[in-house]
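Protein chains in written order, with our numbering: chain A, 2 to 644; chain B, 34 to 544.
Reading through the structure tokens given below for one structure.
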């Protein structure tokens, strides 16, 4: 067996050990098993990176999972450039967040449970990214969804937490519905669900049509869009984004790991993985680009007015995921994956800093009740500040390079909607900088607005929490240096390493534009980032009374944004309530009770009425009955045979 | 006479499986009713012994042939050409194993909860087991019919005597519903008997061709019997009542084994005997299946009673089974058979689990619960496993079955596949809602201070947990039982158009 198979199975073993023995025996030592396992996976992932960078491509089956007729699928692993990048992101973030959780979850009654879920999650996520076929991808996909459900609802005694977990799972199922049908179409078209034969045959079917539900549609568009349904759910894109903000009910390390750095990016990974299919359909790419662009704008506007520390970051995540889809949609898969990779660092960092703040504030999440925390929490402040600079696209930091790459590829790529999504992306960059620094200024600057008791307890978090912050901070600064664009790299003698590395899997589309245009796009993106920060500074430091006045003035707009465009209410109104109403009033009340049961109970009643008329026939003599019965059956048989 | 495989076990294993429980029942009959404990011990021993004997079916089954195995044949009523004729193939063998396993679990779960007429209870249970095994083993149509009807009596008693407050209504409804269906089947059997030249030999009947019109009438005659048992929409309304009122063991047997017999009937009789009619009626059957999936699912969203919810979810899940079967392709049929097994395991386990908590609280009202996970963590974890198996999460058995069924269904009829797939959304909806209301949120006063599961209860549920993951992670062990038999069946139904696929299968098995 190939030792890389251990990468997912070590965390699985940790899960099994923790769930079986954690409650009785391991208790507050439960984290050791999980941390050791994930750290070992990280080591193996690094060796896989070295291996792949050396030109190897690993593809092997472990065992046949399902075999039925012509359908065969295995548990198998494909490790190529795309996989190793995901492996590094997942195992690095996961390891750091495991360590952080030791401090954050200290003293929690479900300590072993928390770590066993983290291990199970890591296992599922690794199965997802390492799969060599669609069905195992789906396995990991649902597995991470399950862990997400467990961890969102970790504080299950709270109704809001258990509601949020359930909502996440069910909303995702809507996306998986399309995803699953996509897998059926893949199998029926290609006769297999393994990536390699599917992707190698895809080009030959580029122009093919497929009769789907009676309509002839373009085959590749159909497959791509069905698969993309899954992405919409998992990566919280419109219209299935509603679960992610609620997912913040989970403990903060979970928000960082699952709902920022790894699981929610699975949708982007799926699109990148299936790039040979998506690239064959301009329609599908356009849908991807527009979905991403619109979602990123939509979420960013909501983020402007929220007061919940974690929800602001959650909307930021939805928005940044939209950015990644935008990149994929203009054909710049590498840029999308590059942003996925840098985003994992600065977004995980933002969440962990938020967790550190919550830790100090006794669980308080309302940023209106914070302020001046920089005095008490210097490490948290500095790291969160740097993460915010990174997400705002300040030159030199990780977020700058990936964001710039996306905007340039949108502007200069071949996509017909490229210029349009570039414009949206630029606006979003401005909004992102603004809400990120609104958060920073309200939380860390100004006067403390909480209670005296809270102020008394303010303190920096323990080392096990601050050290992961610092390590992630290095990533938030430097992770982008592997993808320095040629425009700058030429002058300082570095290549765009990530683009070269990913080229064999994702291709490397070139922007069609002059150096001047590229410089312009870059400068615009820097300018909007800085002006976003500047506006936030003006509104929350220079003129802190201004936001309130604006809110009063634009009350209707504020209310719509604050209530997240009322999408939740809409779904409740058009899906949830009608389903339950139908169940209660139509199915139970009418079909089952009035129609079927009336017939069922009516027949005996009718027979009863009839039989009182027939009572005279009832002689009470056994032989008579037997004769009548036999005659009846004979007549039946005779009729049937004579036909 | 149709070719079969000789029994190589060295003893008539199928007869032993049928009569061992009956002998046990007879033994209990002779025992002193005051000695409850001894009665339980005897029941448990007999059911375990039967299970151990049945395990040799698992190991001794020849997976390379579609022929009937472990065959026993004795003349019974020569004048009517009726014989005592038993045998198993890849379609039926797993259900015998399921029956023997489930009976043990039913004995265990009834250990403390059955306080009245203990003696009669365990007699009924063991008679039930013998009859169930008989149904799956019979190769003589009359023998089959006798076992089929014989099952009704112990089941009727289980519901009517040891059931809940509304038990008599539920029992009579169950009895009449199924009896009406069965009578039509009897007519069908007799028609076949005369047409085919006075034989009840099922294998021989399958070699004959029947005129289309006759096939059609027989199809609906059989449908009446099998659809009620499944139960398919719209003849499902006996199920919620029967399940809800039955004692735990009754619900478990109903869910795990009894309702499988309807689907088994379609596979064993309707399809191979009446291939043309089966093909022609596919649109109707697929439609009814899809309605059952969606209808049964949505109706769960408004249930307030634990057992009723799970009962309605069975309607939905069995919709998947009939969808797969009538997809008439390999994935669909194999998925359907596997899902019958899965549903037996998962829904059986869910009813066992409900029994565990009902024994403590004596309420089935969902609103009475809440926060059970805080007081009974082990129980909550196991219930979680079954919940997600029911939802069809990958790595559980539910996923394998549903995936193959939906794949086969989509292949056969895209609309059916797509509409049925919406069932997985609804399924997640009602199961997670149920789980939340029972296990999460604040601890309800009715469950405060409950003891977690004891060793007996844990042992009752553990086999099901093992099966959930075993089938989910390594389903080929179970699927490989079916391949040749399903292929043979499909060749018969689809007019022998699939030899290439069969060859493909054979090579893959040999590899």
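C-beta: ideal position from N, C-alpha, C; glycine also.
Quantities reported herein were computed from a predicted structural model and do not represent experimental measurements.
Contact list for residue i against chain A, beta-carbon separation under 7 Å
{"i": "residue 427(B)", "result": "139, 140, 143 and 144"}
{"i": "residue 517(B)", "result": "Result: empty, since nearest Cβ-Cβ is about 12 Å, beyond 7 Å."}
{"i": "residue 364(B)", "result": "69, 70 and 72"}
Contact set between residue i and chain A, taken where Cβ atoms lie within less than 8 Å
{"i": "residue 57(B)", "result": "Those do not exist, as residue 57(B) stays about 33 Å from chain A at its closest Cβ, beyond 8 Å."}
{"i": "residue 455(B)", "result": "178"}
{"i": "residue 367(B)", "result": "69 and 70"}
{"i": "residue 478(B)", "result": "Within 8 Å Cβ-Cβ: nothing; residue 478(B) doesn't reach chain A, min ~14 Å."}
{"i": "residue 500(B)", "result": "Neighbours of residue 500(B) on chain A: none; closest Cβ ~17 Å, over 8 Å."}
8 Å Cβ cutoff, residue i in contact with chain B
{"i": "residue 584(A)", "result": "yes"}
{"i": "residue 167(A)", "result": "yes"}
{"i": "residue 68(A)", "result": "yes"}
{"i": "residue 10(A)", "result": "no"}
{"i": "residue 163(A)", "result": "yes"}
{"i": "residue 28(A)", "result": "no"}
{"i": "residue 170(A)", "result": "yes"}
{"i": "residue 235(A)", "result": "no"}
{"i": "residue 174(A)", "result": "yes"}
{"i": "residue 406(A)", "result": "no"}
{"i": "residue 65(A)", "result": "yes"}
Paired residues, beta bridge with residue i - DSSP
{"i": "residue 73(A)", "result": "68(A)"}
{"i": "residue 309(B)", "result": "According to DSSP, residue 309(B) bridges with nothing at all."}
{"i": "residue 424(B)", "result": "Residue 424(B) pairs with nothing; no bridge assigned."}
{"i": "residue 102(B)", "result": "121(B)"}
{"i": "residue 60(A)", "result": "79(A)"}
{"i": "residue 195(A)", "result": "134(A)"}
{"i": "residue 406(A)", "result": "Its beta-bridge partners do not exist; DSSP assigns none."}
Min CB distance residue i to chain A below 8 Å
{"i": "residue 322(B)", "result": "no"}
{"i": "residue 278(B)", "result": "no"}
{"i": "residue 508(B)", "result": "yes"}
{"i": "residue 211(B)", "result": "no"}
{"i": "residue 68(B)", "result": "no"}
{"i": "residue 444(B)", "result": "yes"}
{"i": "residue 357(B)", "result": "no"}
For residue j and residue i, the rounded distance between their alpha carbons
{"i": "residue 582(A)", "j": "residue 141(B)", "result": "40 Å"}
{"i": "residue 473(A)", "j": "residue 347(A)", "result": "7 Å"}
{"i": "residue 584(A)", "j": "residue 475(A)", "result": "54 Å"}
{"i": "residue 71(A)", "j": "residue 143(A)", "result": "24 Å"}
{"i": "residue 718(A)", "j": "residue 489(A)", "result": "The question about residue 718(A) has no answer, for chain A in this structure spans 2 to 644."}
{"i": "residue 540(B)", "j": "residue 73(A)", "result": "Caution applies to residue 540(B), whose pLDDT of 43 falls short of 50 and renders its modelled position unreliable; the model cannot decide the point."}
{"i": "residue 132(B)", "j": "residue 578(A)", "result": "41 Å"}
{"i": "residue 408(B)", "j": "residue 376(A)", "result": "43 Å"}
{"i": "residue 218(B)", "j": "residue 257(B)", "result": "7 Å"}
{"i": "residue 207(B)", "j": "residue 121(B)", "result": "28 Å"}
{"i": "residue 35(A)", "j": "residue 50(A)", "result": "22 Å"}
Closer than 7 Å at the beta carbon, the chain B residues around residue i
{"i": "residue 157(A)", "result": "406 and 473"}
{"i": "residue 692(A)", "result": "In the structure as shown, chain A begins at 2 and stops at 644. Residue 692(A) is therefore absent and cannot be evaluated."}
{"i": "residue 580(A)", "result": "331 and 334"}
The ligand SAM heavy atom lying under 7 Å from the CB of residue i
{"i": "residue 372(A)", "result": "Questions concerning the ligand SAM fall outside what the structure shown contains, since it holds no ligand whatsoever."}
Proximal residues of chain B, C-beta to C-beta of residue i below 8 Å
{"i": "residue 588(A)", "result": "328, 331, 332 and 335"}
{"i": "residue 182(A)", "result": "443, 450, 451 and 454"}
{"i": "residue 185(A)", "result": "439, 440, 443, 444 and 450"}
9 Å Cβ cut-off: residues of chain B touching residue i
{"i": "residue 598(A)", "result": "270"}
Problem set entry | Completely contained alpha helix (DSSP H) runs for the segment 110-187 of chain A, where each covers 4 or more residues | 112-131 and 135-153
Exercise. Could you give the uninterrupted runs of the alpha helix (DSSP H) lying entirely in the segment 319-388 of chain A, keeping only those of 4 residues or more?
Worked result: 334-362
Exercise. In the segment 154-241 of chain B, which residue ranges form an unbroken alpha helix (DSSP H) of at least 4 residues, counting only runs that do not cross its ends?
Worked result: With a minimum length of 4 residues, the continuous alpha helix (DSSP H) runs that stay inside the segment 154-241 of chain B are 174-195, 200-228 and 235-240.
For this session: Please list the segments of the beta strand (DSSP E) lying wholly inside the segment 450-504 of chain A, counting only runs of 3 or more residues, in order along the chain.
Result: none
Problem set entry | Ordered list of alpha helix (DSSP H) runs contained in the segment 355-397 of chain B, each at least 4 residues | 363-394
For this session: Report the residue ranges of all alpha helix (DSSP H) runs contained in full by the segment 272-306 of chain A; include only those spanning at least 4 residues, in chain order.
Result: 276-279 and 283-304
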